[in-house]
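Listed in order, the protein sequences are those of chains U and W. Following numbering that gives the first Met the number 0, the numbering of the first sequence begins with 0 at its first residue and continues without gaps. Following numbering that gives the first Met the number 0, the numbering of the second sequence begins with 0 at its first residue and continues without gaps. All residues carry an ideal CB built from backbone N, CA and C; glycine is no exception. Please read all numbers here as calculations on a predicted model, not as lab measurements.
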Amino acid sequence: MKQIPLHAATRTLQITILRHNPRDPASTPRLQTFKVEEADAMTLFIALSEIRERQDPSLQFDFVCRAGICGSCGMIINGRPGLACRTLTKDLPENITLAPLPAFELIGDLSVNTGKWMRGMSERLETWVHSNKLEDLNIDTMEQPMEPELAEQIYELDRCIECGCCVAACGTARMREDFVGAVGLNQITRFRLDPRDQRTDAEFYELVGDESGVFGCMTLLGCEDMCPKELPLATQIAFLRRRMACTG
Amino acid sequence: MRTIVTDVLIIGGGLAGQRAAIGAKRRGHDVVVLSLVPAKRSHSAAAQGGMQASLGNCLGAAGDNEDIHFADTVRGSDWGADQEVVRMFAHTAPKAIRELAAWGVPWNRVARGDREITVDGVKETISEPEAAHGLITSRNFGGTQKWRACYVSDGTGHAMLYAMSNQAIAANIPVHERMEALALIHADGRCHGAIVRNLMTGELSAYVARATCIATGGFGRIYRVSTNAVINEGMGAAIALETGVATLGNMEAIQFHPTGIFPAGILVTEGCRGDGGLLLDGNEHRFMPDYEPEKKELASRDVVSRRMEEHITAGHGAHTRFGEHLWLDIRLLGADHINNKLREVKEICKYFLGVDPVNDLIPVRPAQHYSMGGVRTDHRGESPQLRGLFAAGEAACWDMHGFNRLGGNSVAETVVAGMIVGDAMADFCDSADGSAVLSTALVAEFGTRERQRLAGISNSVGTESAFELMRLMQETMTTNVGIFRHGDRLEQAVRTLGELQRRARNIGLRSAAPGANPELVTAYRLQRMLKLAQCVAYGALQRTESRGAHFRADYPKRDDLNWMRRTLASWPQEDGEKPQLEYEALDVMRMELPPGWRGYGSRDYIEHPDTARREQQIASILGEIPGIDRHARQRALMPFRHLLPVHLRQDNARLGEDT
Chain U
0 MKQIPLHAAT RTLQITILRH NPRDPASTPR LQTFKVEEAD AMTLFIALSE IRERQDPSLQ
60 FDFVCRAGIC GSCGMIINGR PGLACRTLTK DLPENITLAP LPAFELIGDL SVNTGKWMRG
120 MSERLETWVH SNKLEDLNID TMEQPMEPEL AEQIYELDRC IECGCCVAAC GTARMREDFV
180 GAVGLNQITR FRLDPRDQRT DAEFYELVGD ESGVFGCMTL LGCEDMCPKE LPLATQIAFL
240 RRRMACTG
Chain W
0 MRTIVTDVLI IGGGLAGQRA AIGAKRRGHD VVVLSLVPAK RSHSAAAQGG MQASLGNCLG
60 AAGDNEDIHF ADTVRGSDWG ADQEVVRMFA HTAPKAIREL AAWGVPWNRV ARGDREITVD
120 GVKETISEPE AAHGLITSRN FGGTQKWRAC YVSDGTGHAM LYAMSNQAIA ANIPVHERME
180 ALALIHADGR CHGAIVRNLM TGELSAYVAR ATCIATGGFG RIYRVSTNAV INEGMGAAIA
240 LETGVATLGN MEAIQFHPTG IFPAGILVTE GCRGDGGLLL DGNEHRFMPD YEPEKKELAS
300 RDVVSRRMEE HITAGHGAHT RFGEHLWLDI RLLGADHINN KLREVKEICK YFLGVDPVND
360 LIPVRPAQHY SMGGVRTDHR GESPQLRGLF AAGEAACWDM HGFNRLGGNS VAETVVAGMI
420 VGDAMADFCD SADGSAVLST ALVAEFGTRE RQRLAGISNS VGTESAFELM RLMQETMTTN
480 VGIFRHGDRL EQAVRTLGEL QRRARNIGLR SAAPGANPEL VTAYRLQRML KLAQCVAYGA
540 LQRTESRGAH FRADYPKRDD LNWMRRTLAS WPQEDGEKPQ LEYEALDVMR MELPPGWRGY
600 GSRDYIEHPD TARREQQIAS ILGEIPGIDR HARQRALMPF RHLLPVHLRQ DNARLGEDT
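So, in structure tokens, the structure goes:
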């Protein structure tokens, strides 16, 4: 009979968390270690929930879908940005260190304000279809056809979940607060590819044609290495840089 | 307390809320959206397999139209739905999808020529027509006669939510993130907004609005095993219930999705079976054709989930140390299909199960998935009891799903409802009703009440743990108010929930952390979730029939004679332990499609005396007007277009159909 692959659950995990509650004047950033009995198929979502329920109810973290699709739970897991909800403890050593994603405003402990950052990025880069056809859109008529392959290519770039791992893994983002990150540049390439968006390269250049945009990238490739959705970020940035260099 | 004034307040930043916001904003009203999380992280993003809309472009969808979508949805609902609302929905869904296409959703498209598909376990080659090339394609889903689920790989909800959110940003609609509505401000049957808590600082503020819309999704987290996101705790429905005035409809109608991965309960899409995947038992035998020869794996979700549990009970499950489950087999679809059209499924299997569905079976078992019930509204989305309170999407019961929702109809509903309710709120604001005078004393009164409630919990020296009580509630619901229900077990659940409500008044916090304090959040949400859970359990206990997803082992037949009625729950006594239930009759004589056999599942039901009368009447109406177009025939039976906003009333263009 078939069995789900199981891991012998005998370990006691030592989970060390970088803690700080900016709302509490008495709080200073500190490391705190919790011991958790590992269970079968345990994810960091399960482990952290257990710590909050049984050991420290004040522990702050963000989970929403707990299925790796919403991008809420980006954090630094043993030094690397990743989605905590789909990280199985069996794939980690006994000693696990968790820290909030850098480059984002800290809400508390492992919770950071990626939402505010991403909204700012969207507003600045105008990450929506720009088209004069939307004003008086007739939705009673047939949709505009699109080549099937093109639709799939757009989806490939549309899969970004704005988790912030690429920003946390980015050397430029750590030095320049105004850098739009791989997440922003990817969205530009996504809308540039989409024929429904009528913006020209000159207009895209206005948005990302400087060092806070595509020319800020140092090609360290952290973004692509750390992207949980395995988006081709480095290729997209290189491509965009060439187009923008031609435009500018 | 800070007060924010707006025309329209939308509670919930998913697809329904944001579409309603865009609609009201377009009509010139100020809108504020509140969201527990960044809007793009809403649970709408979790919709995987597709959105139902009768475009009829690809070969498997040829001949589809609103009439068939309507009939499938009514049969799916087991005749519990409001048929006028289903008509409004089926008519608007193609418009919704075409709007989203223009907004940038990369819908998968029809490719002309030959392609291989998997039907009933066998590969076939079909040839898509030239004329459909590049139009939006669709896949097969359960309980439908046509391939109607339009999709973006298996990240449909994600792509829709991002396009929608981006349009809301383009429209300059403010989304106040990490904000939770704790109470609706209301007086004399009129809603005036909400008292809201900031989930970063713990600060309370008042949002005063002319129209308020609840779009907070479902409440699956009252169950232990659920596909729902952890934020789906039903707080929108709960604060409506806590007004003591507004009613919740059909709360006992809870859907269990056949393919939650086992044991985590994470969803893998119905598209797996729609594309040709099979369900196998512990002996790797394909068992669904034994139970459901007509639709096999693609009967409606309620039927498939029951058959799966029945098969496990009969001793045919696969066994692991977590318990028993069945298998989903998509290996036959091939690597290419899985890597392109089911990539989220592949990722979920890889990360959570350590298996590759190209080569391995996926362990599955039904898990709580959807709340058909919610804030009872009329066809415009407004509460009949509380003027100025609207609801849209899963949080609402307007009621298009009755006792079972079809796969792909929920994301479609979110957008359609957003389109309709957004306009309804704008109409309301423009009307005399929309200009309300309210006293600052009323706002202060509600603010003070919420502050005192929170202080009551924070300062309590109680001994109960909020986390422990939450666990007990979820356990009770999964054990006693699940797929197979029985009077004894339901009574047990009602008793246990009552006891948990009493214990929940004695919660003591261990943490006094400044800011939002996650333990405090759990404590106050738990008290509200217990009320919702009690509406579900008590409603299920009282409903002595089986309809759609509500199955009573002690009353196994659908009983149209006694139960062609919608349950309405209210909570008039704040400290009461049970809801007050009333019932609203569904009028068979007004139905376009009178009750009958669904085409799958049980054939045995107790007829309503009006059914035969209505069938005769329909035959005579249609007999008098033969040979005319389908729209005129439909209109003669149950006119509905006048219920829609004017700009949504036109016919939908369709390949090969003259309009």
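List, in order along the chain, the chain W residues whose C-beta lies closer than 7 Å to that of residue i?
{"i": "Leu-219(U)", "result": "By Cβ distance, chain W contributes nothing, its closest Cβ being about 25 Å from Leu-219(U), past 7 Å."}
{"i": "Glu-52(U)", "result": "Phe-466"}
{"i": "Val-128(U)", "result": "Trp-102, Gly-103"}
Check whether the Cβ atoms of residue i and residue j lie closer than 9 Å to each other.
{"i": "Tyr-554(W)", "j": "Ser-299(W)", "result": "no"}
{"i": "Val-410(W)", "j": "Thr-136(W)", "result": "no"}
{"i": "Leu-385(W)", "j": "Val-244(W)", "result": "yes"}
{"i": "Gly-75(W)", "j": "Gly-401(W)", "result": "yes"}
{"i": "Leu-297(W)", "j": "Asp-71(W)", "result": "no"}
{"i": "Gly-141(W)", "j": "Gly-273(W)", "result": "yes"}
{"i": "Ile-75(U)", "j": "Ala-150(U)", "result": "no"}
{"i": "Leu-30(U)", "j": "Asp-61(U)", "result": "no"}
{"i": "Leu-332(W)", "j": "Thr-117(W)", "result": "yes"}
{"i": "Ile-184(W)", "j": "Ala-391(W)", "result": "no"}
{"i": "Ser-164(W)", "j": "Gln-254(W)", "result": "no"}
{"i": "Pro-37(W)", "j": "Gly-114(U)", "result": "yes"}
{"i": "His-191(W)", "j": "Thr-211(W)", "result": "yes"}
Run through chain W and tell me which residues come within less than 9 Å of residue i, C-beta to C-beta.
{"i": "Asp-23(U)", "result": "Ala-512, Pro-513, Gly-514"}
Give the DSSP bridge partners of residue i, in chain order.
{"i": "His-378(W)", "result": "According to DSSP, which records beta bridges pairwise, His-378(W) is partnered with nothing at all."}
{"i": "His-175(W)", "result": "Leu-33(W)"}
{"i": "Asp-558(W)", "result": "Ile-605(W)"}
{"i": "His-549(W)", "result": "Arg-546(W)"}
{"i": "Tyr-206(W)", "result": "Ile-3(W), Ala-193(W)"}
{"i": "Thr-566(W)", "result": "Tyr-582(W)"}
{"i": "Ala-214(W)", "result": "Partner(s): none; Ala-214(W) has no beta bridge."}
{"i": "Ser-110(U)", "result": "Gly-107(U)"}
{"i": "Arg-18(U)", "result": "Arg-29(U)"}
{"i": "Thr-263(U)", "result": "Not covered by the structure: residue 263(U). The range shown for chain U is 0 to 247."}
Buried or exposed: which applies to residue i, given that a residue is buried once 16 or more other Cβ atoms fall within 10 Å of its Cβ?
{"i": "Lys-228(U)", "result": "buried"}
{"i": "Leu-327(W)", "result": "buried"}
{"i": "Ile-627(W)", "result": "exposed"}
{"i": "Val-111(U)", "result": "buried"}
{"i": "His-318(W)", "result": "exposed"}
{"i": "Ala-257(W)", "result": "The amino acid occupying residue 257(W) in the given sequence is Pro; Ala does not appear at that position. Per the 10 Å Cβ criterion, buried."}
{"i": "Leu-277(W)", "result": "buried"}
{"i": "Met-217(U)", "result": "exposed"}
{"i": "Ala-19(W)", "result": "buried"}
{"i": "Trp-570(W)", "result": "buried"}
{"i": "Asn-458(W)", "result": "exposed"}
{"i": "Gly-270(W)", "result": "buried"}
{"i": "Glu-251(W)", "result": "buried"}
{"i": "Trp-106(W)", "result": "buried"}
{"i": "Gln-367(W)", "result": "buried"}
{"i": "Met-0(U)", "result": "With a pLDDT of 44 at Met-0(U), under the threshold of 50, the modelled position of this residue cannot be trusted; read the value that follows with caution. Exposed: under 16 other Cβ atoms inside 10 Å."}
Looking at the ligand SAH, does it come within less than 8 Å of residue i, judged from the CB to the closest heavy atom?
{"i": "Tyr-369(W)", "result": "Of the ligands one can find in the structure shown there are none, so the ligand SAH has no counterpart to examine."}
Name the chain U residues whose beta carbon is nearer than 8 Å to that of residue i?
{"i": "Pro-644(W)", "result": "Correct list: empty, because the minimum Cβ distance to chain U is about 12 Å."}
What in chain U is Cβ-close to residue i, meaning under 9 Å?
{"i": "His-132(W)", "result": "Pro-144, Glu-146, Pro-147"}
{"i": "Ala-110(W)", "result": "Glu-146, Pro-147, Glu-148"}
{"i": "Asn-107(W)", "result": "Pro-147, Ala-150, Glu-151, Tyr-154"}
{"i": "Arg-25(W)", "result": "Chain U residues near Arg-25(W): none, gap ~11 Å exceeds 9 Å."}
### Query
Mind pulling the alpha helix (DSSP H) runs of 4 or more residues that sit fully within the region 258-322 of chain W?
270-273, 287-290, 300-310, all fully within the region 258-322 of chain W.
### Task
Kindly provide the ranges of any beta strand (DSSP E) runs that are 3 or more residues long and lie completely inside the region 90-158 of chain W, ordered along the chain.
112-118, 121-127
#### Entry: Secondary structure, beta strand (DSSP E): runs of 3+ residues fully inside the region 225-262 of chain W
253-260
### Query
What are the start and end residues of each continuous beta strand (DSSP E) run of 3 or more residues lying completely inside the region 348-401 of chain W, in chain order?
361-370, 373-375, 388-390
### Task
Please go through the region 585-649 of chain W and give each complete alpha helix (DSSP H) segment of 4 or more residues, from N-terminal end onward.
608-623, 629-636
### Query
At what residue ranges does the region 321-348 of chain W contain a whole run of the alpha helix (DSSP H), taking only runs of 4 or more?
334-340, 342-347
### Query
Which ranges does the alpha helix (DSSP H) cover as unbroken runs of at least 4 residues, wholly within the region 137-218 of chain U, from first to last along the chain?
Runs of the alpha helix (DSSP H) inside the region 137-218 of chain U: 147-157, 164-167, 170-174, 180-192, 200-207.
### Message
Please give me, in chain order, every unbroken run of the beta strand (DSSP E) with length at least 3 that falls completely inside the region 1-85 of chain W.
### Response
1-10, 30-34
### Message
Runs of 4 residues minimum, wholly inside the region 445-497 of chain W: which ones carry the alpha helix (DSSP H) assignment?
### Response
465-479
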